[in-house]
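The structure appears below as structure tokens.
Number of protein chains: 2
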Amino acid sequence: MRANKRDELVREALEIFYREGFHATGMDRLAAETGISKTTMFKHFRSKEELILAVLRLRDQNFRNWLFRRMEEAGPPRAQLSAMFDALGEWFAAPGFRSCMFIKAASEYPDPHHPIHTQSAEHKRLLFLQLQKIASDAGAQDPATLARALLLLKEGAIVTAHLGHEADPAGDAKAAAQRMISAALDHP
Amino acid sequence: MRANKRDELVREALEIFYREGFHATGMDRLAAETGISKTTMFKHFRSKEELILAVLRLRDQNFRNWLFRRMEEAGPPRAQLSAMFDALGEWFAAPGFRSCMFIKAASEYPDPHHPIHTQSAEHKRLLFLQLQKIASDAGAQDPATLARALLLLKEGAIVTAHLGHEADPAGDAKAAAQRMISAALDHP
DNA sequence: TATAGAGTTGACAGATCGGTACACATTGGA
DNA sequence: TCCAATGTGTACCGATCTGTCAACTCTATA
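These protein sequences, in sequence, are chains A and B. Every letter in the first sequence is one number past the one before it in this note's numbering, and letter 176, counting from 1, is 185. Every letter in the second sequence is one number past the one before it in this note's numbering, and letter 82, counting from 1, is 91.
Here is the structure:
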């Protein structure tokens, strides 16, 4: 019961923060839109910052689960790597897509030492580690370099999908990624 | 004493917004930090939004001038394309680097129809047009596709330099870019 | 010297910010 | 049935938010 409200708050706060932004969303508005009273919110989280950190933890889990599951469906490691960009393309096309929550969080809390910033960076690090592993399984001689290159394309595609005029940034990124993958695996 | 307070305000507001964020910086604080009175600020700009739009216009000019000048110094078009990433590397290493102002603006004003968002998107479009021209001058058969791929790497490098743990995102992006350039120009 | 324009000051408005005090409701155990 | 603990809602705090206003100073130029 208590945990329910807490989880409910985090889940709904995630939607609202993602849609509207962190600074732009006040605790009053959060209470009004979730139907959870401010007192309850501040019982579960000592501050807005703590709530945001909880939201980011949930987002990290959701996003990595979703992405790597989609990639696994593609089969062997090499196919998984390029399948990442198919998954991204679906995400971009989904209604309500508004860029990456962690890029947004880092934008609003630009101080690199701020907890919200460092926690956002941690999400990117976890993505890198998993991608590096898949690149290694695929037979890359330098899996870290391949993983970094693919992540550059991923972040670029996300930003461009949100901010750009382009029709298919995920497709562009996939085409570029396949060159990188081929260079790393076919001509080692 | 006909000093142009308006330009001074825009210049200083740019620094503060870039360092602290848009929502996080109030007009009171802007007045306190610039020494320009609120009355004067609201004489020149009817709203905070108008001030932000003026700041973004200035940033657009400054950034494109700086980047394309750096690229031109590299000589022929093909060298210019990869020189973009050397310039980015210098930017990332400069003290006070805090990602791209337009990515940040789009993060804080995520509604794609918001004037601040659309004006940020316009900056990216202008970058694309110039890059496409250089790619064309370099002899690319499909300069638009090459320009899009290089911009994906550029945006990814910016985000990663701000948020990532990586040592040299500009270098990684440059290495990947050179593959793209070579594929587009050497094996047409 | 008169005047217009730019800038300043300080107070103020109404809304919203993050956060809290306190009374009320609900519940489980004795 | 009673108590204690826990969860919740209302009303409120001081600070800050964007934006306004009237009264004033300064300065360049006609």
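Here a beta-carbon is modelled for each residue, glycine too, at the ideal position from N, C-alpha and C. Just so you know, these numbers come straight off a predicted model, no measurement behind them.
Under 8 Å between C-beta atoms of residue i and residue j
i                      : j                      : result
residue 138 of chain A : residue 159 of chain A : no
residue 162 of chain A : residue 87 of chain A  : no
residue 168 of chain A : residue 112 of chain B : yes
residue 180 of chain A : residue 98 of chain A  : yes
residue 68 of chain B  : residue 135 of chain B : no
residue 94 of chain B  : residue 170 of chain B : no
residue 81 of chain B  : residue 70 of chain B  : no
residue 115 of chain A : residue 172 of chain B : yes
residue 188 of chain A : residue 188 of chain B : yes
residue 92 of chain B  : residue 83 of chain B  : yes
Residue i versus residue j: straight-line alpha-carbon distance, rounded
i                      : j                      : result
residue 221 of chain B : residue 23 of chain A  : Only positions 10 to 197 of chain B appear in this structure, which leaves residue 221 of chain B out of reach.
residue 30 of chain A  : residue 36 of chain A  : 12 Å
residue 33 of chain B  : residue 120 of chain A : 12 Å
residue 123 of chain B : residue 101 of chain A : 19 Å
residue 66 of chain B  : residue 26 of chain B  : 13 Å
residue 54 of chain A  : residue 153 of chain B : 49 Å
residue 21 of chain B  : residue 43 of chain B  : 7 Å
residue 96 of chain B  : residue 79 of chain B  : 6 Å
residue 14 of chain A  : residue 57 of chain A  : 16 Å
residue 142 of chain A : residue 133 of chain A : 14 Å
residue 51 of chain B  : residue 109 of chain B : 27 Å
residue 183 of chain B : residue 128 of chain A : 27 Å
residue 63 of chain A  : residue 49 of chain A  : 15 Å
residue 85 of chain B  : residue 150 of chain B : 17 Å
residue 77 of chain A  : residue 18 of chain B  : 47 Å
residue 145 of chain B : residue 191 of chain A : 25 Å
residue 16 of chain A  : residue 45 of chain A  : 11 Å
residue 157 of chain B : residue 59 of chain B  : 30 Å
residue 148 of chain A : residue 47 of chain A  : 53 Å
residue 75 of chain B  : residue 75 of chain A  : 40 Å
Beta-carbon neighbours of residue i, restricted to chain B and to distances below 7 Å
i                      : result
residue 171 of chain A : 115
residue 157 of chain A : 175 and 181
residue 192 of chain A : 188
Per-residue contacts from residue i into chain A (C-beta, under 9 Å)
i                      : result
residue 168 of chain B : 109, 112, 115, 133, 161, 164, 165, 167 and 168
residue 32 of chain B  : 30, 31, 32, 33 and 117
Classification of residue i by the beta-carbon crowding that lies within 10 angstroms, buried from 16 upward
i                      : result
residue 174 of chain B : exposed
residue 130 of chain B : buried
residue 10 of chain A  : Only weak support exists for where residue 10 of chain A lies, its pLDDT of 37 falling under 50; the coordinates are left without a value.
residue 117 of chain A : buried
residue 126 of chain B : buried
residue 196 of chain A : exposed
residue 178 of chain A : buried
residue 41 of chain A  : exposed
residue 176 of chain B : exposed
residue 38 of chain B  : exposed
residue 105 of chain A : exposed
Residues that residue i contacts on chain A, provided the C-beta gap is smaller than 7 Å
i                     : result
residue 36 of chain B : Correct list: empty, because the minimum Cβ distance to chain A is about 15 Å.
Per-residue contacts from residue i into chain B (C-beta, under 8 Å)
i                      : result
residue 189 of chain A : 185 and 188
residue 145 of chain A : Within 8 Å Cβ-Cβ: nothing; residue 145 of chain A doesn't reach chain B, min ~17 Å.
residue 178 of chain A : 157 and 161
residue 130 of chain A : 172, 173 and 174
Beta-carbon neighbours of residue i, restricted to chain A and to distances below 8 Å
i                      : result
residue 152 of chain B : By Cβ distance, chain A contributes nothing, its closest Cβ being about 14 Å from residue 152 of chain B, past 8 Å.
Any beta strand (DSSP E) of 3 or more consecutive residues that is wholly inside the segment 11-90 of chain B:
none
Whole runs of the alpha helix (DSSP H) within the segment 110-177 of chain A, excluding any shorter than 4 residues:
110-117, 124-146 and 152-172
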